[in-house]
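Protein chains: 2
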Amino acid sequence: MSFEFKSTSFIGSERGEKTGKTFTAFSPETGEAVGPEFHSATNDDLIRSCLQASIASHLLYRKPGHEKAELLRKIASNLEERKADIVECASLETGLPNARFEGETGRTCGQLRMFADLVEEGSWVDARIDTADPERAPLPKPDVRSMKRALGPIAVFCASNFPIAFSVAGGDTASALAAGCPVVVNAHSAHPMTSEIAASAISAAVIECGFPGGTFSMLFSSGYEIGSALVAHPSISAVGFTGSRAGGRALMDIAARRDEPIPVYAEMSSVNPVFVLPGAAEERPEEIADGLFGSFTLGYGQFCTKPGLIFLPMGSGYDAITGRLKQLSGEAASVPLLTKGIRDAFIANTNERGAAMKGGNGFGVDTCLFEAEWFEFLEDRSMAEEIFGPAAVVIGYEDIADLHEYEAQMEGQLTVTFHIGDEEADDVSEWVDLFERKAGRVVFNGYPTGVEVCHAMVHGGPYPATSFPGTTSVGTRAIERFTKLVCYQDAPDSVLPDELKDENPLGIVRMRDGNIGRG
Amino acid sequence: MSFEFKSTSFIGSERGEKTGKTFTAFSPETGEAVGPEFHSATNDDLIRSCLQASIASHLLYRKPGHEKAELLRKIASNLEERKADIVECASLETGLPNARFEGETGRTCGQLRMFADLVEEGSWVDARIDTADPERAPLPKPDVRSMKRALGPIAVFCASNFPIAFSVAGGDTASALAAGCPVVVNAHSAHPMTSEIAASAISAAVIECGFPGGTFSMLFSSGYEIGSALVAHPSISAVGFTGSRAGGRALMDIAARRDEPIPVYAEMSSVNPVFVLPGAAEERPEEIADGLFGSFTLGYGQFCTKPGLIFLPMGSGYDAITGRLKQLSGEAASVPLLTKGIRDAFIANTNERGAAMKGGNGFGVDTCLFEAEWFEFLEDRSMAEEIFGPAAVVIGYEDIADLHEYEAQMEGQLTVTFHIGDEEADDVSEWVDLFERKAGRVVFNGYPTGVEVCHAMVHGGPYPATSFPGTTSVGTRAIERFTKLVCYQDAPDSVLPDELKDENPLGIVRMRDGNIGRG
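Which chain is which? The protein sequence lines are A and B, in order.
Residues 1 to 519 (the working numbering) make up the first sequence, in order.
Residues 520 to 1038 (the working numbering) make up the second sequence, in order.
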């Protein structure tokens, strides 16, 4: 480990105070404290970070795309320089294997570069021009031009389960910076070492690229006070959050009570139901069982897209798939969960459902597979609640028409998945129609874990999956969350941003009098 | 008047109960009750309308664009058939002249047809396709396709000041129906006659076009109970509102406290500052004075885009413009305001600022022009608050750099306006940079009243101008408020909506592997 921890918050280009409450990371493998003592941000740290973000937001507002792209790429290369330390710390702090964080660092850097390409190209701003018609009767038609622009300072709350890709330098930070918004990160207390290294990568890039110091701050904290105060601070324009339903809702409520309410883009909770149609269960029971097992135990079952409810048709397919899932679950080794809190909740939730779960070394637990009868499942709504960790519930259905009953009580989901047989593409349409209205993503013959970072991805869905079903926290559309619309009426060309100047100096795709092109 | 009033709510294709509290319209000219007694919706009416909307939302979800376009065009032609009655009632209920409502009906029908064209063409859904790469290492890349889809039933709250264009058949209703969402309208109690005629035009179109009855409902009410219960009803997915800051905030708070919080797209309050630069004040004082006077008294000063604060450079320009504004204000006849409540608030607000306003016949008031010293204005924040009605405040500045002080305390605005002289285009850039971050629209050498209905329009802005600065309630982008995102991963082509099918049967503009075109 070459990294030297200072263990204080990042307040723009300065470091925070050492007077706040201290805390450490814990090793999920042993349950013991590891690494240095970190200092929670003080209220003064918080106020200074928000002030600096506010000043930076004026400077960032008109930063051209190529300068923002340079910053994002520099962050990516700085992360790669620190990759060995990041992987070591992330593994130590989460109990997950190194290989996972090799991949997650790659994903995070790829995501930063995707946003760099997006803002360098520039068409993402949705530039629209309606040209004037001075002769129109009864009133002349003005020249009207509009585009998306940076919203202002964004508070980013990190997830426990993706210490790199949904944390300090993750998708919320990348998309906010790409939009031209300064970021104040509330670091997750479970991985402060990984957080400090990522923050140092961003902070160095901010200096190297000549951006204002307030472009990036990161606050350490071991409790809820700093995060709550951050969302309530008048300088903050919006919030990005990935975490629990209770946590997300608490921030939504704080934001809604402000003098000036602001949006909280929270990605919260999902049980990601998987519907296996009869043909699929007959044709490939083992393949489906192996795939489902791999998906619900990936990352030790601590993914927001973990398939927690598995609907199987009663019959030989049910027996084959459930038998195989039981066998794999029984053979699985104990795994450490991310935090003591997550471990304790897992034990409580699985024991409530009838498991005899005790917990192993450190934050260790065993894989749990539950089976539920159809009516038992429908009547006991707690069966449909998310269990964070390596557990899933198998529900047998007699008739596919029964799914109507589940849909009527299903909450919003990040994903729903259908496994269909060779002849079932027509049969599934009705179910897609029904379930897609409550989901962000519909997966066919696959597994919901693994969220592709691309233009078309929707990592979203109705509440409680997220707070805004019209948005996504993964993929290029994530940038839209951190923007406002501005329109200019009869503006002199010299005053207009380049994106809206008449000759289209950036060569971006625009809508001009209703036509989409590079005119 | 050929229209026969039934005076009950519209519950899908049926009519509501006659047991609710009754109320009437009032003539602002006389202050007397006019027209029939209307029956407030009962709680049962409300529940039935939400249930019908919920059922309809399933049927509307996959309605093709050309069918929605047919409905919107039919609504427009039905409104035109009823135009004489609409104009007569709107004028009677608002005290505004007939000619205004000839124009407003035209604007409303034009808006409906604009959304018809938009959804018939189809590219508005922002379809995106990222094609698969089964060979990618370490993991195959899935096929991912996404688009915007209908969100669900929308509650629409009507404005007092635009009884047609921001009311029953106005922009919120048009954009929600265009998106494929059923609408439950909360009619404004100040213009029930106009509302019933517009509702009959929509209801007839719903039947004529074979849409489900629950596509459209309209609830009459004289108090706040029905509107509050509507926003709280679990069937409602989002809210569109145009009205006061207090009213909008109250609905935002109800929506935020729901088990499932929903967005309230509220367009609320704005003082629309106008900054006249020294060159402009020298070059064309009379033109600017006449334009400002026309704008702040248009519709008797009851526009959300009324220029309420006018910043003039001290000197000869100030004297010329203010002198002319005073002269025009002094010569202006008394005008009736929309409601007794608006009239009473206008009298209270203007008297607080030192006017000796008494009020005339009916809801009549006189035009008020206030002058404020720079420091007096900065110190007394109430001077910067919106006065709904024919009043404006002129503030003299010594040095244009003083505007920094105002910006620091300025709230979010629908518009800011700059008047610049022939040589001042360069000077204004700094001020545009500063003020546009707090506004939805920046107007140059014009007046903020008159909101063009077009692709590029932004009728929005930061709180308290609206609740979401990333949205607009006027123009084609308004449809985006009432959508959710859905993505399909590795879906069989037959399951995909036409917008995402591989061969692009609708021929819409899509993003395919990052490239924008009709592929």
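All residues carry an ideal CB built from backbone N, CA and C; glycine is no exception.
Inset, instruction - Compute the distance between the beta-carbons of Gly-836 (chain B) and Ala-864 (chain B), then report whether it is under 9 Å. - result: Numbered from 1 along the second sequence, position 317 holds the residue referred to as residue 836 (chain B). Numbered from 1 along the second sequence, position 345 holds the residue referred to as residue 864 (chain B). Against a cut-off of 9 Å, the Cβ pair of Ala-864 (chain B) and Gly-836 (chain B) comes out as no contact.
Legend entry - Residue closest to Glu-612 (chain B), alpha-carbon to alpha-carbon, out of B:Asp-772, B:Ile-683, B:Val-935 and B:Glu-943: In the second sequence, residue 612 (chain B) corresponds to position 93, counting from 1. Considering only alpha carbons, the answer is B:Ile-683.
Inset, instruction - Indicate whether the contact test is met: 3 or more Cβ pairs, each with one atom in the region 68-78 of chain A and one in the region 175-183 of chain A, closer than 8 Å. - result: yes
Inset, instruction - Could you check how far apart the C-beta atoms of Ser-200 (chain A) and Ile-11 (chain A) are, in whole angstroms? I think they sit under 8 Å. - result: For the purposes of this step, residue 200 (chain A) is taken as residue 200 along the first sequence, with counting starting at 1. For the purposes of this step, residue 11 (chain A) is taken as residue 11 along the first sequence, with counting starting at 1. Rounded, the Cβ-Cβ distance is 14 Å, inconsistent with contact.
Legend entry - Own chain, CB closer than 7 Å to Glu-499 (chain A), minus 5 neighbours either side, in chain order: In the first sequence, the residue the question calls residue 499 (chain A) occupies position 499. Contacts found: Gly-122, Val-125, Ala-127, Met-147, Leu-506 and Ile-508.
Legend entry - Coarse secondary structure for Leu-844 (chain B), derived from DSSP in three states: Position 325 of the second sequence holds residue 844 (chain B). Note: Leu-844 (chain B) maps to helix in three-state DSSP.
Inset, instruction - Quick one: give me the first and last residue of the beta strand (DSSP E) that Arg-960 (chain B) is part of. - result: One-based indexing of the second sequence puts residue 960 (chain B) at position 441. Looking at the DSSP string, the run of the beta strand (DSSP E) that includes Arg-960 (chain B) is 958-963.
Legend entry - Cα-Cα separation between Met-902 (chain B) and Gln-932 (chain B), rounded to whole angstroms: Here the question's residue 902 (chain B) lines up with position 383 in the second sequence. Here the question's residue 932 (chain B) lines up with position 413 in the second sequence. Between Met-902 (chain B) and Gln-932 (chain B), the C-alpha separation is close to 15 Å.
Inset, instruction - Report yes if the C-beta distance between Leu-325 (chain A) and Phe-293 (chain A) is below 9 Å; otherwise report no. - result: Along the first sequence, read from residue 1 onward, the residue named residue 325 (chain A) stands at position 325. Along the first sequence, read from residue 1 onward, the residue named residue 293 (chain A) stands at position 293. Yes, they are a contact pair.
Inset, instruction - Could you tell me the distance, in whole angstroms, from the CA atom of Leu-749 (chain B) to the CA atom of Ile-236 (chain A)? - result: One-based indexing of the second sequence puts residue 749 (chain B) at position 230. One-based indexing of the first sequence puts residue 236 (chain A) at position 236. Answer to the nearest angstrom: the Cα atoms are 31 Å apart.
Inset, instruction - Report yes if the C-beta distance between Gly-227 (chain A) and Ser-160 (chain A) is below 9 Å; otherwise report no. - result: Sequence index remark: in the first sequence, residue 227 (chain A) carries index 227 (1-based). Sequence index remark: in the first sequence, residue 160 (chain A) carries index 160 (1-based). No. Outside cutoff.
Inset, instruction - Would you check if there are 3 or more beta carbon pairs closer than 8 Å linking the region 266-282 of chain A to the region 303-318 of chain A? - result: yes
Inset, instruction - Measure the C-alpha to C-alpha separation of Gly-1081 (chain B) and Val-1005 (chain B) and round it to an integer number of angstroms. - result: Nothing can be reported for residue 1081 (chain B): it is not among the residues displayed for chain B, which extend from 520 to 1038.
Inset, instruction - Please compile the residues from chain A whose C-beta is within a distance smaller than 7 Å of the C-beta of Tyr-1007 (chain B). - result: Locating residue 1007 (chain B) in the second sequence gives position 488, counting from the first residue. Result: Val-442.
Inset, instruction - Label Glu-411 (chain A) either buried or exposed according to how many other C-beta atoms from any shown protein chain fall within 10 Å of its C-beta, with 16 as the threshold for buried. - result: The residue given as residue 411 (chain A) occupies position 411 in the first sequence. The residue is buried, with at least 16 neighbouring Cβ atoms inside 10 Å.
Inset, instruction - Determine the direct distance from the alpha carbon of Val-790 (chain B) to that of Phe-542 (chain B), and round the result to whole angstroms. - result: Taking the first residue of the second sequence as 1, we reach residue 542 (chain B) at position 23. Taking the first residue of the second sequence as 1, we reach residue 790 (chain B) at position 271. When rounded, the distance between both Cα atoms is 32 Å.
Inset, instruction - Taking only the alpha-carbon atoms, compute the straight-line gap between Thr-841 (chain B) and Pro-832 (chain B) and give it to the nearest angstrom. - result: Within the second sequence, residue 841 (chain B) is the residue found at index 322, counting from 1. Within the second sequence, residue 832 (chain B) is the residue found at index 313, counting from 1. So the alpha carbons of these two residues sit roughly 11 Å apart.
Legend entry - Contacts around Gly-879 (chain B), its chain only, beta-carbon distance under 6 Å, and the 5 residues preceding and following it disregarded: For the purposes of this step, residue 879 (chain B) is taken as residue 360 along the second sequence, with counting starting at 1. Ser-853.
Inset, instruction - Taking all protein chains shown into account, decide if Met-771 (chain B) is buried (16 or more other Cβ within 10 angstroms of its Cβ) or exposed. - result: For the purposes of this step, residue 771 (chain B) is taken as residue 252 along the second sequence, with counting starting at 1. Per the 10 Å Cβ criterion, buried.
Inset, instruction - Could you tell me if Arg-1037 (chain B) is buried or exposed, where buried requires 16 or more neighbouring beta carbons within 10 angstroms of its beta carbon? - result: Locating residue 1037 (chain B) in the second sequence gives position 518, counting from the first residue. With fewer than 16 other Cβ atoms within 10 Å, it is exposed.
Inset, instruction - Report the rounded CA-to-CA distance for Tyr-406 (chain A) versus Phe-435 (chain A), giving the unit in angstroms. - result: Taking the first sequence and counting its residues from 1, the one referred to as residue 406 (chain A) is at position 406. Taking the first sequence and counting its residues from 1, the one referred to as residue 435 (chain A) is at position 435. If I take the Cα positions, the gap works out to 10 Å.
Legend entry - Continuous alpha helix (DSSP H) stretch holding Cys-109 (chain A): start and end: Here residue 109 (chain A) corresponds to residue number 109 of the first sequence, with the count starting at 1. Its alpha helix (DSSP H) spans residues 98-121.
Legend entry - In chain order, each beta strand (DSSP E) run of at least 3 residues that lies wholly inside the region 998-1036 of chain B: 1002-1008, 1029-1031 and 1034-1036
Legend entry - Sub-9 Å separation of Val-961 (chain B) and Thr-936 (chain B) beta-carbons: Start at 1 with the first residue of the second sequence, and residue 961 (chain B) comes out as number 442. Start at 1 with the first residue of the second sequence, and residue 936 (chain B) comes out as number 417. Yes.
Inset, instruction - With a floor of 3 residues, list each beta strand (DSSP E) that falls wholly inside the region 224-263 of chain A, ordered by position along the chain. - result: 238-242
Legend entry - Cβ distance (whole Å) where Ile-38 (chain A) is taken to contact Phe-241 (chain A) below 8 Å: For the purposes of this step, residue 38 (chain A) is taken as residue 38 along the first sequence, with counting starting at 1. For the purposes of this step, residue 241 (chain A) is taken as residue 241 along the first sequence, with counting starting at 1. Going by the sequence as given, residue 38 (chain A) is Phe instead of Ile. In fact, because the Cβ distance is near 21 Å, the residues do not count as touching under 8 Å.
Inset, instruction - Starting from Tyr-463 (chain A), find everything on chain B with Cβ-Cβ shorter than 7 Å and list it in chain order. - result: The residue labelled residue 463 (chain A) in the question sits at position 463 within the first sequence. Residues of chain B passing the Cβ test: Glu-779 and Pro-780.
Inset, instruction - Give the DSSP bridge partners of Gln-413 (chain A), in chain order. - result: In the first sequence, residue 413 (chain A) corresponds to position 413, counting from 1. Paired residues: A:Ala-439.
Inset, instruction - Please check if any C-beta of chain B sits within less than 9 Å of the C-beta of Ile-288 (chain A). - result: Working through the first sequence from its first residue, we reach residue 288 (chain A) at position 288. Judged by the 9 Å Cβ criterion, Ile-288 (chain A) is not in contact with chain B.
Legend entry - Distance between His-404 (chain A) and Glu-905 (chain B) (C-alpha atoms, nearest Å): In the second sequence, counting from the first residue as 1, residue 905 (chain B) sits at position 386. In the first sequence, counting from the first residue as 1, residue 404 (chain A) sits at position 404. Cα-Cα distance, rounded: 51 Å.
Legend entry - Own chain partners of Lys-438 (chain A) with C-beta closer than 8 Å, once the 5 adjacent residues on each side are dropped: Taking the first sequence and counting its residues from 1, the one referred to as residue 438 (chain A) is at position 438. Here the set comprises Glu-407, Met-410, Glu-411, Gly-412, Gln-413, Val-416, Gly-461 and Pro-462.
Inset, instruction - State the CB to CB distance for the pair Asp-1009 (chain B) and Phe-444 (chain A), rounded to an integer number of angstroms; the pair is presumed to be in contact (CB under 8 Å). - result: The residue given as residue 1009 (chain B) occupies position 490 in the second sequence. The residue given as residue 444 (chain A) occupies position 444 in the first sequence. Between Phe-444 (chain A) and Asp-1009 (chain B) the Cβ distance is about 5 Å, and since that is below 8 Å, they are a contact.
Inset, instruction - Please look up how many angstroms separate the CB atoms of Gln-821 (chain B) and Leu-847 (chain B), rounded, as I've assumed it's under 8 Å. - result: As a working note, residue 821 (chain B) is residue 302 in the second sequence. As a working note, residue 847 (chain B) is residue 328 in the second sequence. So it is not a contact: roughly 18 Å between Cβ atoms.
Inset, instruction - Indicate the three-state DSSP secondary structure (helix, strand or coil) for Glu-32 (chain A) in the structure shown. - result: The residue labelled residue 32 (chain A) in the question sits at position 32 within the first sequence. Glu-32 (chain A) falls in the coil class under three-state DSSP.
Inset, instruction - Could you tell me which of A:Ala-255, A:Gly-152 and A:Gly-421 sits nearest to Gly-989 (chain B), measuring between CA atoms? - result: If you number the second sequence from 1, residue 989 (chain B) lands on position 470. Ranking the options by Cα distance to Gly-989 (chain B), first place goes to A:Gly-152.
Inset, instruction - Could you tell me whether the Cβ of His-455 (chain A) comes closer than 9 Å to any Cβ of chain B? - result: As a first step, residue 455 (chain A) is located in the first sequence; it is residue number 455 there, counting from the start. Interface residue, yes.
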